[in-house]
Amino acid sequence: MLALSAARDELGAIFPYGPHEDVVRAFDKVALSEAARRAGLAVPGGARPEDAPVVVKPRQTTVHDPRGGPLRLRAEVEETPEEADARVEYLESVDAEPLIQSFVEGDLVAIVAVTDRESRIVAAVQQRASAMTPHGGTARGETEVLDPSLSERVGALLADLNWFGMAQVQFQMPPGGEPVLIDLNGRFYGSMALALAAGPNLPAIWAALATDRPLPSLAPVRVGVRYHWLESDLRRALDEGRGLAGALRYAIGARHGLWDRRDPGPAARHAGRLVLRALRRLSPNRS
4 MLALSAARDE
14 LGAIFPYGPH
24 EDVVRAFDKV
34 ALSEAARRAG
44 LAVPGGARPE
54 DAPVVVKPRQ
64 TTVHDPRGGP
74 LRLRAEVEET
84 PEEADARVEY
94 LESVDAEPLI
104 QSFVEGDLVA
114 IVAVTDRESR
124 IVAAVQQRAS
134 AMTPHGGTAR
144 GETEVLDPSL
154 SERVGALLAD
164 LNWFGMAQVQ
174 FQMPPGGEPV
184 LIDLNGRFYG
194 SMALALAAGP
204 NLPAIWAALA
214 TDRPLPSLAP
224 VRVGVRYHWL
234 ESDLRRALDE
244 GRGLAGALRY
254 AIGARHGLWD
264 RRDPGPAARH
274 AGRLVLRALR
284 RLSPNRS
């Protein structure tokens with residue numbers, strides 16, 4: 004995305020974000036933490052490998068792959084000092100700047116907001132994950148009442164960043180503690196179907212703002228709407244050897260990223276690809 008932002012004048016299309024330097028700053032984990040503190044938000048403390056478990060993340064999510072093209076990097080929870088050292092060494096080997104932060108227990112909570120060109124929040128949805136994918140995504144999630152204090156501070160953060168467009172602002176919510184900002188995702192995200200099912204069409208609002216068209220109806224947010232990434236939740240249940248029946252039960256009545264009875268084609272094609280992949284793995288002729 005940063006590459007697209009840098010080349011926006013050559014795209015021949017609207018690039019629906021603010022100035023390039025502001026996009027770069029929002030995706031810089033150090034600059035994001037500094038802006039979060041100014042907005043009154045807590046951020047993880049710094050740590051050392053020997054403090055494990057710790058979170059090791061790159062300062063920038065995307066770097067240039069020495070083999071060519073972009074290399075997308077993730078934050079990883081490292082359980083031992085040796086694992087943390089190895090992750091730091093890997094990030095440095097691909098010319099990424101590693102950051103080591105304290106591990107924060109708690110639920111993953113996100114406020115997904117769309118801001119206008121003055122960085123004012125136009126629409127927002129708050130959601131909480133109740134089960135996670137192995138890489139930190141939402142396997143199960145649910146909308147909840149928007150916390151006015153947290154929403155106000157998120158608004159201050161986005162204003163500080165001069166942000167325009169959609170942003171998924173993510174927090175770890177320790178039991179009985181203050182939410183701790185862990186990331187800002189300015190791209191389309193995996194559980195977006197949850198916000199769409201809950202009411203406001205955030206992508207349509209963003210598109211209207213970017214093209215100076217009238218805003219669509221700002222539907223009120225419905226609380227208690229559920230999202231399920233069934234494929235990932237089933238994998239988790241199989242890996243852990245428990246929870247398979249619960250995963251199937253949770254799927255009933257939840258909104259899914261691909262499955263929609265009004266448009267079953269994408270889910271059917273994806274299911275077909277999964278079946279073919281499984282058959283290849285089981286094939287005795289597989290090399």
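Take 4 as the starting number for the sequence shown in my numbering and just add one per residue.
Backbone N, C-alpha and C define an ideal beta-carbon position, used for all residues, glycine too.
Suppose contacts are defined by Cβ-Cβ distances below 7 Å. Is residue i in contact with residue j by that definition?
i	j	result
residue 148	residue 128	no
residue 211	residue 189	no
residue 132	residue 118	no
residue 88	residue 52	yes
residue 213	residue 205	no
residue 233	residue 254	yes
residue 57	residue 50	yes
residue 25	residue 165	yes
residue 46	residue 38	no
residue 168	residue 19	yes
residue 172	residue 187	yes
residue 80	residue 146	no
Rounding to the nearest angstrom, what Cα-Cα distance links residue i and residue j in this structure?
i	j	result
residue 181	residue 29	22 Å
residue 217	residue 33	36 Å
residue 70	residue 252	44 Å
residue 177	residue 12	43 Å
residue 202	residue 125	14 Å
residue 215	residue 102	39 Å
residue 113	residue 174	6 Å
residue 144	residue 280	27 Å
residue 221	residue 160	23 Å
residue 9	residue 22	9 Å
residue 66	residue 97	8 Å
residue 43	residue 108	20 Å
residue 15	residue 6	15 Å
residue 250	residue 285	24 Å
residue 267	residue 95	44 Å
Keeping to the same chain, check which residues put their C-beta closer than 8 Å to that of residue i; ignore five residues upstream and five downstream.
i	result
residue 48	104, 105
residue 241	247
In terms of DSSP beta bridges, what is residue i paired with?
i	result
residue 65	75
residue 231	143, 259
residue 103	59
residue 124	118
residue 249	According to DSSP, residue 249 bridges with nothing at all.
residue 110	176
Among the residues of its own chain, which have a CB less than 7 Å from the CB of residue i, if the five just before and after it don't count?
i	result
residue 179	none
residue 196	230, 258, 259, 260
Run through the segment 131-199 for me and flag every whole beta strand (DSSP E) of 3 or more residues, listed as ranges in chain order. Counting whole runs of 3 or more residues, the segment 131-199 contains the beta strand (DSSP E) stretches 141-147, 168-176, 183-188.
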